[in-house]
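Visitor: Quick note: the sequence shown uses our numbering, first residue 105, plus one each step.
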Amino acid sequence: MQKIEIKCKGADSLPIDTIKDFQGKLKHITRDNLERLKVSILKNGFVAPIFIWQYEGRSMALDGHQRIKALLSMRDEGYDIPLLPVAYIEADNED
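1) Nearest by alpha-carbon distance to Asp125: which of Gly168, Arg140, Gly149 and Asp136 is it?
2) Starting from the Cα of Pro119, find the closest Cα among Arg162, Asn197, Lys142 and Leu146 and give me that residue.
3) Could you check what DSSP says for Leu202 in three-state terms: helix, strand or coil?
4) How many Å lie between Ile110 and Asp196 at the Cα?
5) What did DSSP end up calling Asp167 once you bin it into helix, strand or coil?
6) Tell me whether the beta-carbon of Tyr192 lies closer than 9 Å to the beta-carbon of Gln106.
7) In this structure, does DSSP put Lys124 in helix, strand or coil?
8) How is Lys107 classed by DSSP in three states: helix, strand or coil?
Rendered as structure tokens:
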């Protein structure tokens with residue numbers, strides 16, 4: 105199985121399936137840009153942690169939505185997705 109190289113460190117590492125979209129489906133990426141992002145991840149590795157807000161026991165992605173979408177697509181293509189580095193952002197609520 106092909107692997108994605110992690111080239112950064114975060115405060116923690118989480119499985120991709122535990123990270124939820126904070127913005128829902130607001131972010132859109134074209135098919136061409138998704139493919140470019142996948143090529144970039146393969147060439148350069150995963151180079152920046154995903155910012156996470158922990159809310160009511162859930163890990164909500166504040167950024168990295170398109171990288172997550174690319175990684176999920178790559179997993180469907182047979183790539184092994186390692187634990188992803190994350191940085192936690194502190195906030196009392198979503199306002």
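Glycine is no exception: its CB is placed at the ideal position from the N, C-alpha and C atoms.
Guide: Inspection of the coordinates gives the following:
1) Mapped onto the sequence shown, residue 125 falls at position 21. Checking every option, the nearest Cα to that of Asp125 belongs to Gly168.
2) Within the sequence shown, the letter at position 15 stands for residue 119. Nearest of Arg162, Asn197, Lys142 and Leu146 to Pro119, Cα basis: Arg162.
3) The displayed coordinates of the chain run from 105 to 199. Any statement about residue 202 would go beyond what the structure contains.
4) Against the sequence shown, residue 110 aligns to sequence position 6. Against the sequence shown, residue 196 aligns to sequence position 92. Computed Cα separation, rounded: 30 Å.
5) Position 63 of the sequence shown, counting from 1, holds the residue named residue 167. Reduced to three states, the DSSP call for Asp167 is coil.
6) Locating residue 192 in the sequence shown gives position 88, counting from the first residue. Locating residue 106 in the sequence shown gives position 2, counting from the first residue. The answer is no: Cβ separation not under 9 Å.
7) Reading the sequence shown from its first residue, position 20 is the one you call residue 124. In the three-state reduction of the DSSP assignment, Lys124 falls in the strand class.
8) Start at 1 with the first residue of the sequence shown, and residue 107 comes out as number 3. Of the three classes helix, strand and coil, the one that applies to Lys107 here is strand, per DSSP.
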